Amino acid sequence: MGLTARRGPTVRRTAIGGAVVLMTLASLSLLAWSKLAGPAAVAEGTNATLAGLTVEVEDSEWATLNHVMNDQGGYLMPDQMMPGAPTGDEVRLGVMVTLTNTRSGTEPFSLVDEFTVTGGRSGDPLPLTADTIGDLSRLGPGSAVQGTLYFDVSVPQQGDPELPPLYLRWTRGGDAVRIPVQLPGEAPEHQDH
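Following this line, the structure appears as C-alpha cells:
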C-alpha cells in the first residue's frame, strides 16, 4: 500500500512533464512552419477579411511629436524626457484603418497581437507602438471602428538603395495577410517628430 501511494505523485509529475514537453514541441513546430511557409499573402487592394473581420487601410500619415516647450520654439526635449518616442532614425507612422465585423455574432480582436508592419528598412515585423482605438477588444455584429495604428519605422536615407514596400501585416485565426501601405510623402526631420 505504501508503494502505491508513492507512485501516484510520480506518475502525475511524469504525465505533467510529458504534457509540457509535448506542448513545447508543438509550439516550436508551429513557429518553424510559419518561418518556412514564407511571407503572408499580399491583399489585392487596400482591404482584407480574416476570421469574421475586415480591415481596410484608409490612408497613412507621419505623426509629428513636437518636443518644444512653447509656441515660440522653446527647446528640443531629449528622447529621455519623452519615454516611448521614436529614437535614432525612426519616425512614427500612423496607418488609418477601419475594422468591420462581417459575422452575425460578436468578434473579439487584439490590435497588439494581430497587427505589425513589415518591409522597408526592417527585416523583422515592427510591433504596434500606439493606437487611437483604445481598450476596445470586440465588435458586435455589423459594427465597425475607425482608428489609427502607429508604428515606429526607419525611413530611407538619401542614397539608400530602393527598399521593399511597407505592409500592414494582419494575423488572425491562424491566417495572415499583408496589406500595402502607401507612405504619405517625405518623412519629417527627427527633431520634428
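Numbered by my numbering, the letters in the sequence shown go through residues 106 to 298 in order. Virtual Cβ for every residue (Gly too), placed ideally from N, Cα, C. Since we're looking at a predicted model, the values are computed, not measured.
Item                                                                                                        : Value
Span of the beta strand (DSSP E), counted from its first residue to its last, around E163                   : L158 to W167
Beta-carbon spacing of E195, L158 below 7 Å                                                                 : no
D240 versus S215, T221, P246 and S227, residue with shortest Cα-Cα distance                                 : S215
Length-filtered (4 minimum) alpha helix (DSSP H) runs lying within the stretch 185–227                      : 216–219
Sufficient close CB pairs (3 or more, under 8 Å) joining the stretch 229–236 to the stretch 250–259         : yes
Selected residue, minimal CA-CA separation from N206, among E166, R243 and T223                             : R243
DSSP-derived helix/strand/coil call for I238                                                                : coil
Between the CA atoms of A168 and M201 - distance to the nearest angstrom                                    : 12 Å
C-alpha gap between Y272 and T119, whole angstroms                                                          : 46 Å
Strand pairing of L231, partner residues [DSSP]                                                             : V222
Residue closest to R283, alpha-carbon to alpha-carbon, out of I121, V162 and A156                           : V162
Beta-carbon separation (whole angstroms), G225 vs P269, contact threshold 8 Å                               : 7 Å
Outcome for T221 when other beta-carbon atoms lying within 10 angstroms are tallied against a minimum of 16 : buried
Beta-bridge partners of P285, as assigned by DSSP                                                           : Y272
Burial state of S209 (16 or more Cβ within 10 Å)                                                            : exposed
According to DSSP, residues forming a beta bridge with S259                                                 : E195
Inter-residue spacing [alpha-carbon to alpha-carbon] between G278 and A146                                  : 15 Å
Anticipated Cβ contact below 8 Å, S227 with L198, distance rounded                                          : Not quite, the Cβ-Cβ distance comes to about 12 Å (not below 8 Å), so this is no contact.
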